[in-house]
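For our numbering, add 166 to where a residue sits in the sequence shown, where the first one is 1.
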Amino acid sequence: MPRFFITLSYNGKNYVGWQIQPNGMSVQQALQDALSTILRQEVTVVGAGRTDAGVHAREMMAHFDWEGSIFSSGDLVHKLNNFLPKDISISAIRKVRPEAHARFSAVSRTYKYYVTTVKDPFLHEYTYRLFFHPDLEAMNTLCEVLKEYEDFTSFSKLHTDVKTNHCRIEYAWWEKKGELYEFTICADRFLRNMVRAIVGTLLEAGRGRLDEQGFRHIIEARNRNVAGDSAPGHALFLEKVTYPENIWL
Numbered sequence: 167m168p169r170f171f172i173t174l175s176y177n178g179k180n181y182v183g184w185q186i187q188p189n190g191m192s193v194q195q196a197l198q199d200a201l202s203t204i205l206r207q208e209v210t211v212v213g214a215g216r217t218d219a220g221v222h223a224r225e226m227m228a229h230f231d232w233e234g235s236i237f238s239s240g241d242l243v244h245k246l247n248n249f250l251p252k253d254i255s256i257s258a259i260r261k262v263r264p265e266a267h268a269r270f271s272a273v274s275r276t277y278k279y280y281v282t283t284v285k286d287p288f289l290h291e292y293t294y295r296l297f298f299h300p301d302l303e304a305m306n307t308l309c310e311v312l313k314e315y316e317d318f319t320s321f322s323k324l325h326t327d328v329k330t331n332h333c334r335i336e337y338a339w340w341e342k343k344g345e346l347y348e349f350t351i352c353a354d355r356f357l358r359n360m361v362r363a364i365v366g367t368l369l370e371a372g373r374g375r376l377d378e379q380g381f382r383h384i385i386e387a388r389n390r391n392v393a394g395d396s397a398p399g400h401a402l403f404l405e406k407v408t409y410p411e412n413i414w415l
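Take a look at the structure:
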């Protein structure tokens with residue numbers, strides 16, 4: 167059956183996350199309902215991963231299978247954008263190899279987290295405000311430590327259904343850009359709540375409460391209870407999902 171990848175972005179403020187849940191509207195449900203209505207047949211959408219409630223995506227990828235009448239991808243993008251609410255936008259629909267999978271074929275995912283120390287009415291919905299000036303050097307020292315490890319149980323939500331808590335972090339770094347502190351992290355995969363837990367823990371170093379030895383102890387303990395609190399979801403963005411070039415048709 168022909169398979170198609172959808173590239174979309176969304177503001178997660180009004181959603182319970184990407185994945186369909188019984189306690190509210192999800193991005194997956196909104197997209198699935200829109201596709202099923204337009205194509206006049208029940209369509210199942212599979213995402214590249216889960217984003218938590220309130221988390222945003224500048225680029226999320228999802229796939230669906232369709233063997234009905236041939237459609238123009240540009241026309242379907244237009245119809246979906248007219249049908250979907252204003253906080254979800256479709257930018258492309260591309261045909262891929264039948265075995266390509268939005269989640270399992272991805273080779274990396276990149277997230278960004280935004281922090282500020284200023285009160286700004288135009289930033290507060292998308293940034294986490296701190297009441298101290300974080301030590302970037304201290305936090306970036308620990309970012310380098312992250313790349314030495316693979317087991318990130320200490321930064322994972324408890325009682326998840328994954329088979330392994332191993333991930334390979336390729337890049338992690340803080341930068342100051344004007345009034346914003348921007349954290350970028352890229353890995354082959356992420357655990358539930360992992361980025362927010364890492365951010366919350368790194369910010370402990372940023373305020374002088376955690377050194378390298380303590381950070382290593384947290385990772386090696388493989389215990390979520392010893393790590394810092396999770397940073398709020400509203401300042402987290404899924405930036406990009408990367409795939410091998412040979413999946414596209």
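The beta-carbon is built from N, C-alpha and C at its ideal position, and this holds for glycine as well.
field: Straight-line Cα distance separating K329 from N389
entry: Translated into the one-based positions of the sequence shown, residue 389 becomes position 223. Translated into the one-based positions of the sequence shown, residue 329 becomes position 163. Those two C-alpha atoms are separated by around 16 Å.
field: Proximity below 9 Å, CB of I186 to CB of K245
entry: As a first step, residue 186 is located in the sequence shown; it is residue number 20 there, counting from the start. As a first step, residue 245 is located in the sequence shown; it is residue number 79 there, counting from the start. Not in contact: I186 and K245 (Cβ atoms no closer than 9 Å).
Boundaries of the beta strand (DSSP E) in which T173 is found, first to last residue: The residue given as residue 173 occupies position 7 in the sequence shown. Per DSSP, the unbroken beta strand (DSSP E) holding T173 starts and ends at R169 to Y176.
query: Just to confirm, are A223 and V182 a CB contact at a threshold of 9 Å?
result: Against the sequence shown, residue 223 aligns to sequence position 57. Against the sequence shown, residue 182 aligns to sequence position 16. Cβ distance not < 9 Å, so A223 and V182 don't count as in contact.
query: DSSP puts F403 in a beta bridge; with which residues?
result: For the purposes of this step, residue 403 is taken as the residue at position 237 of the sequence shown. H222 and K278, per the DSSP bridge assignment.
- prompt: Where does A393 sit, in a helix, a strand or coil, going by DSSP?
  reply: For this step, residue 393 is matched to residue 227 along the sequence shown. Note: A393 maps to coil in three-state DSSP.
field: Continuous alpha helix (DSSP H) stretch holding S202: start and end
entry: As a working mapping, residue 202 is identified with position 36 in the sequence shown. Residues V193 to L205.
Option nearest Q198 by Cα separation, candidates V221, L296, G372 and L174: Taking the first residue of the sequence shown as 1, we reach residue 198 at position 32. Looking at the Cα atoms, L174 is the closest of the given residues.
message: Can you tell me whether Q185 is helix, strand or coil according to DSSP?
response: Locating residue 185 in the sequence shown gives position 19, where the first residue counts as 1. If DSSP states are grouped into helix, strand and coil, Q185 belongs with coil.
- prompt: Enumerated in chain order, which unbroken segments of the alpha helix (DSSP H) with a length of 4 residues or greater are wholly contained in the stretch 206-264?
  reply: 239-249
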